[in-house]
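Following: one structure in structure tokens, then a few remarks.
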Amino acid sequence: KRAFYKYNSCLMEPWDGPALVAFTDGKQFGATLDRNGLRPGRFYITRDDHLILGSEVGVVDVPDELVSFKGRLRPGKMLLVDFEEGHLVEDAELKQRYATKKPYA
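Numbering-wise, the sequence shown is residues 1 to 105 according to this note's numbering.
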């Protein structure tokens with residue numbers, strides 16, 4: 001994993017850009033915070049398979065009985081939901097998946 005980060009550090013400068021960046025390709029949805037994490041990124045996953053992501057809790061009123069998971073993004077961490085597999089991919093699994101995909105060292 002260290003080689004993956006060393007390789008990619010040559011491609012992009014340290015960046016203090018927007019507090020939250022969200023992205024999708026229609027098959028997956030992801031989000032990450034900048035390295036400082038100055039604004040929070042909080043999310044709910046509901047029992048009827050909705051993901052609600054915002055910089056503050058309470059952006060959308062969701063009854064507690066509908067919430068199956070509450071989480072928050074942390075600096076340097078990523079949130080990824082794979083729609084085809086139907087699950088939330090944990091940060092460690094996601095980074096391991098890409099760090100071992102190619103021989104970076």
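Every residue gets a Cβ at the ideal spot worked out from N, C-alpha and C, and that includes glycine.
No experiment lies behind these values; they were computed from the predicted model shown.
Around arginine 72, the same chain offers Pro40, Gly41, Arg42 and Phe43 as residues with beta carbons nearer than 8 angstroms, after the five sequence neighbours per side are excluded. Measuring C-alpha to C-alpha distances from proline 63 to each of Asp48, Gly54 and Gly76 identifies Asp48 as the nearest. Considering only Ala31, Phe83 and Phe4, the residue with the shortest C-alpha distance to histidine 50 is Phe83.
In this structure, alanine 31 lies away from leucine 94, with their beta-carbon atoms at least 8 angstroms apart. Within the DSSP bridge table, the entry for threonine 46 names Val67 as partners. In the structure shown, the three-state DSSP call for arginine 74 is coil.
Using a Cβ distance threshold of 8 angstroms, phenylalanine 69 and isoleucine 45 count as a contacting pair.
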